[in-house]
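In what follows, a single structure is set out as structure tokens and then discussed.
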Amino acid sequence: MKTHLQSANDNERSDTLLIFLPGAYLKPEEFEREGFISAVRERHLAADALLVDADVSYYYDQTLSERLHADVIEPQRARGYTSIWLVGISIGGFGALIHELARPGSVDGIVALAPYLGRRVLGAEIKKAGGLRAWQAPTGPQPDEEPDRKLWPFFQQYLAPKPSKDLPPLYLGFGLADRFASNHKLLADALPPGRVFTTEGGHEWPEWRQLWRNVLDVLPLPSLGRGTHAPAMRAASRASSAMPSAIAA
21 MKTHLQSAND NERSDTLLIF LPGAYLKPEE FEREGFISAV RERHLAADAL
71 LVDADVSYYY DQTLSERLHA DVIEPQRARG YTSIWLVGIS IGGFGALIHE
121 LARPGSVDGI VALAPYLGRR VLGAEIKKAG GLRAWQAPTG PQPDEEPDRK
171 LWPFFQQYLA PKPSKDLPPL YLGFGLADRF ASNHKLLADA LPPGRVFTTE
221 GGHEWPEWRQ LWRNVLDVLP LPSLGRGTHA PAMRAASRAS SAMPSAIAA
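Right under this line is the structure:
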């Protein structure tokens, strides 16, 4: 996988790395063009950004998790990054989530913006059962081995009163008119309201830009000038203004 690093500070490398996974048929440099990197810098966050050329071919041949881990995450850990977050849009969000399925606990957090969450028919089944809190995953042989059959039981782990410490924090953002919104709302029910962000609109860059800025305001990332090891304390004071559209169902 080809990557391009954007450092938060020209003078030194941070201990925190944001790995950006693009949507289908989008180029990794579009994150920079659309203001995702500048939004990090405007907030004076001590978080480097790594743009990854994870195109759809990795999803078609089902090698995304393997290549992301071997080509990107492991080498970056070896370079000294102690905190690594995956930030994915659309199928990139799906990629971040299925990587966690394949390599549990290998990243420290996930931001999924308008993620593809699998087939609508499976989402409809969960909704008919009363949502993720009521749905029970079928047991026994499954009709296929599509990743979404494992994804929804994985999301149910976030419903636990005390989720496992190995379960990375998951932040979800989506447009209320997004074509995947019905599945997004099912996932939102499993997450704390403070980790769910919505905006008007659909599945496009303007919505993703706004969602990223809102999520970024509350992510527990370190700030420049406060050291690269201690998380910044800005999140609590700004959370209420950053999530006017947060939902829990």
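FYI, in the working numbering the residues of the sequence shown are 21 to 269. All C-beta atoms in this analysis are idealised placements derived from N, C-alpha and C, irrespective of residue type, glycine included. Computed from a predicted structure; not experimentally measured.
Burial is judged here by how many other beta carbons sit within 10 angstroms of a residue's own beta carbon; Asp81 has fewer than 16 and is exposed.
If you check the CB distance, Pro135 and His204 come in under 9 Å. The beta carbon of Leu179 lies closer than 7 Å to those of Leu152, Arg153 and Ala210 in the same chain, with the five residues before and after it left out. By the C-beta density criterion, Pro163 is exposed, having fewer than 16 other C-beta atoms within 10 angstroms. Between Leu65 and Gln96 the beta-carbon gap is near 17 Å, outside 8 Å, which marks them as no contact. Cβ atoms of Leu137 and Leu196 stay farther apart than 8 Å, at about 16 Å. Glu120 is not a Cβ neighbour of Phe56, given a cutoff of 9 Å. Burial check for Ser184: the Cβ neighbour count within 10 Å stays below 16, so the residue is exposed. DSSP places Gln26 in the strand class (E or B) of the three-state scheme. Under a 10 Å Cβ-count criterion, Asp30 is classified as exposed, with fewer than 16 other Cβ atoms of the shown protein chains found around its own Cβ.
When DSSP assignments are scanned along the region 98–171, the uninterrupted stretches of alpha helix (DSSP H) that are 4 or more residues long and fall wholly within it turn out to be 111–122 and 140–148.
One Cα belongs to Gly143, the other to Arg87, and the distance between them is close to 28 Å.
Within the model, the alpha-carbon separation for Val107 versus Ala122 is close to 17 Å.
Out of Ala74, Asp91, Phe51 and Arg229, the CA that lies nearest to the CA of Phe114 is found in Ala74. In this structure Gln230 is buried. Its beta-carbon is surrounded by 16 or more other beta-carbon atoms within 10 angstroms. Ala69 sits in a strand when the DSSP states are folded into three classes.
Trp232 sits away from Glu50, with the two beta carbons spaced by 9 Å or more. Across the set Ser58, Ala132 and Val60, the C-alpha of Ala132 shows the shortest separation from the C-alpha of Gly43. Your pair Asp68 and Ser110 does not check out as a contact, with CB atoms roughly 23 Å apart and the cut at 8 Å. Following the DSSP letters along the chain, one finds Val76 in no beta strand (DSSP E), marked with neither H nor E.
Ranking Val72, Val76, Ser126 and Tyr79 by CA distance to the CA of Glu94 puts Ser126 first. When DSSP states are grouped into helix, strand and coil, Leu187 belongs to the coil group. Separation of Leu46 and Trp228 (C-alpha to C-alpha, rounded to the nearest whole angstrom) is 13 Å.
In this structure, the beta-carbon distance from Ile118 to Ser85 falls below 9 Å. Distance from Trp172 to Ile130 at the Cβ level is roughly 16 Å; contact not present, criterion being Cβ atoms closer than 8 Å. Looking from the CA of Arg215, the closest CA among Ala59, Lys170, Val72 and Pro188 belongs to Pro188.
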